[in-house]
Each structure stands twice: as C-alpha cells, then as structure tokens.
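Participant: So in the numbering used here, the last one in the sequence shown is 214, and the numbering has no gaps at all. Ideal placement from N, C-alpha and C gives every residue a C-beta, glycine not left out.
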Amino acid sequence: MKCFSVWDCFWMSDSKKLKRLKKNLQIKFEPENAKPVAHYKSFFMETTPTIEEKRDLSGYVSDFMGTGEPGILVHGSSIVKISIVMEGIREYGDDVCGKYHTPREFYHYLIRRHSLDLAKDKRPLHLICCYSGMAKENSGKLSIAQELANITQRKIWAYGGYEKVRSLTGGLFLMINNTDEITNTNKVKLEPKLIEPHRPEFIRIKTNSSCRC
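1) Can you give me the start and stop residues for the beta strand (DSSP E) that His127 sits inside?
2) Glu88: buried (16+ other C-beta within 10 angstroms of its C-beta) or exposed?
3) Around the C-beta of Asn187, are 16 or more other C-beta atoms found within 10 angstroms, so that it is buried, or is it exposed?
4) What first and last residue would you give for the alpha helix (DSSP H) that runs through His114?
5) For Val189, is the classification buried or exposed, using 16 other Cβ atoms within 10 angstroms of its Cβ as the cut-off for buried?
6) For the alpha helix (DSSP H) holding Ala146, just list the boundary residues, first then last.
7) Residues in its own chain within less than 6 Å of Val75 by CB, not counting five upstream and five downstream?
8) I want to see whether chain D comes within less than 8 Å of Leu143, judged by CB atoms only; does it?
9) Arg200 bridges to which residues according to DSSP?
10) If we count Cβ pairs, one from each stretch, closer than 8 Å, do we get three or more for the segment 157-168 versus the segment 104-118?
11) Rounded to a whole number of angstroms, what is the C-alpha to C-alpha distance between Glu138 and Glu164?
12) Can you tell me whether Ile183 is buried or exposed? The criterion is at least 16 other CB atoms within 10 Å of its CB, across all chains shown.
13) Beta carbon of Thr126, beta carbon of Gly69: below 8 Å?
14) Rounded to whole angstroms, what is the Cα-Cα separation between Asp64 and Ile177?
15) Can you give me the start and stop residues for the beta strand (DSSP E) that Ala136 sits inside?
16) Which whole-angstrom value describes the C-beta separation of Ile196 and Gln147, a residue pair presumed to lie in contact below a C-beta threshold of 8 Å?
17) Which residues in the same chain have their Cβ closer than 6 Å to the Cβ of Gly162, if we skip the five residues on either side of it in sequence?
18) Starting from the C-beta of Ser78, find all residues in its chain whose C-beta is less than 6 Å away, skip the five residues before and the five after it, and write them out in chain order.
19) Identify, in the order they occur along the chain, each residue of the same chain with its Cβ nearer than 6 Å to the Cβ of Lys123, setting aside the five sequence neighbours on each side.
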C-alpha cells in the first residue's frame, strides 16, 4: 500500500507490528500452579479515635492469613450471639450497637444480605469472634463455633474459649495472604482448635434474636 505522508507510513508500520504481536501473543488466564485470587466481603466498618484515619473492616476473606482457607472476622457477645452493625460506622471501644444473631440467623443473614452461603464451601472456616470457642461453663449450651459448624456442616477453626479475642492487624485487609496472630486481650497467641460438625439428626438449635443498642 502506498504511503501518502510520513504519518501514513508510520501508522501502517505500527499496525503491522501490532498484528504480528497479536499473532504471537499468548495469554494464560489460568496459568499452572497459580494461586486463586484472594478476595474479601466487608460486613461493616469501625474507627479507632486514638489513631487518625484508621478504618477497620469486619467480614469474610477467601484466604485467611495464607492458610488457603476462608475466614470470618466478626463481633461476638457474652450472650453467645454474633453482632452485626446494621448501619453506619461504629467507633472502636464502644459497646456494639446492632442486631444480635444466633449462629443460624447469622448464616441466613449472610445469604440474604451478602449472597454468601457458608454451607457451600466445605473447606474449614476460621472464625475470629469473641466468646465463640467454648460455651459458658455450666450453661448447657453449644458454643458459637459448634453451632455454626452444625448449621453449615463444615469444620470450624475456633480461636480461644469463652473469652475476648483479637487480631493484631486490627482488620480485614491484612488478613488476606498474611501471617498475623490471633490473640487474647493479654496479647497471648491463640492456637486454633478444629470443631467437627455434629451429624444432622442430633442437631437441636433454638433461633431467638434480639436487637440491642
């Protein structure tokens, strides 16, 4: 093809190079030995008044601290329920103001609000939640972790017992592909214990909820 100007020749030459590049270019969208892309779903945000512009998220991560297993960071209460801040941003250190859910209600809430069905993925789930590892002594109840394991029929990694727990990173972002520590309030590292689900025919769970602020 004849060039009518210097710019025409440049464009034609550049177009030929681009065609050759496209012909020889090979992109592997699923390369061998590649790790899945980690992602998170945020349930709510809270601020720390003593640290400027600090924002912490609670929610779900697909790869909890480099384990290759999912995890959930959420508030738990001494009444053996999970608390979700329904609206706005909570200031860290305040009492949790939101909706209290039993583990069963929490499971359905995640499906309804976040399209997240914890029963679909059968990998063990890491649960970072205060008062979730054990039930209160002599209460005759199941722990939050055990109830969630029963409902989802999946194994749960529980941290701590009937006590407050925390992540040293203080939020959801750094839990993705990280190797942080989960501790108690004295900053003593907590080793997770694996909770096995009970067989469905033995599951008896009450579903009571309350809203407290």
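Facilitator: Taking the coordinates as given:
1) If you look at His127, you'll find it in the beta strand (DSSP E) that goes Leu126 to Ile129.
2) Unreliable placement is indicated for Glu88, whose pLDDT of 46 sits below 50; the coordinate value is still reported in the next sentence. Burial call: exposed.
3) Result: exposed.
4) The sequence given here places Arg at residue 114; His does not occur at that position. Counting along the chain, the alpha helix (DSSP H) containing Arg114 begins and ends at Pro104 to His115.
5) It is exposed - the Cβ of Val189 has fewer than 16 other Cβ atoms within 10 Å.
6) Following the DSSP letters along the chain, one finds Ala146 inside the alpha helix (DSSP H) bounded by residues Ile145 to Thr153.
7) Within the same chain, Ser59, Ile83 and Cys130 come within 6 Å of Val75 by CB-CB distance, once the 5 residues on both sides are set aside.
8) The displayed structure is made up of one protein chain only, and chain D is not part of it.
9) Looking at the DSSP assignment, Arg200 forms no beta bridge with any residue, so it has no partner.
10) The count of Cβ pairs closer than 8 Å, one atom from the segment 157-168 and one from the segment 104-118, stays below three, leaving the stretches out of contact.
11) Here the C-alpha atom of Glu138 lies approximately 12 Å from the C-alpha atom of Glu164.
12) A buried status is given to Ile183, since no fewer than 16 other beta-carbon atoms sit within 10 Å of its beta-carbon.
13) This sequence places Leu at residue 126; Thr is not what is there. Judged by their CB atoms, Leu126 and Gly69 are not nearer to each other than the 8 Å cut-off.
14) Spanning the two alpha carbons is a distance of roughly 6 Å.
15) Here Ala136 belongs to no beta strand (DSSP E), and DSSP marks it neither H nor E.
16) So it is a contact: roughly 6 Å between Cβ atoms.
17) Taking Gly162 as the centre and dropping the five residues before and after it, the same chain places the C-beta of Gly134 and Met135 closer than 6 Å to its C-beta, in chain order.
18) Hits under 6 Å: Ser84.
19) Around Lys123: Arg155.
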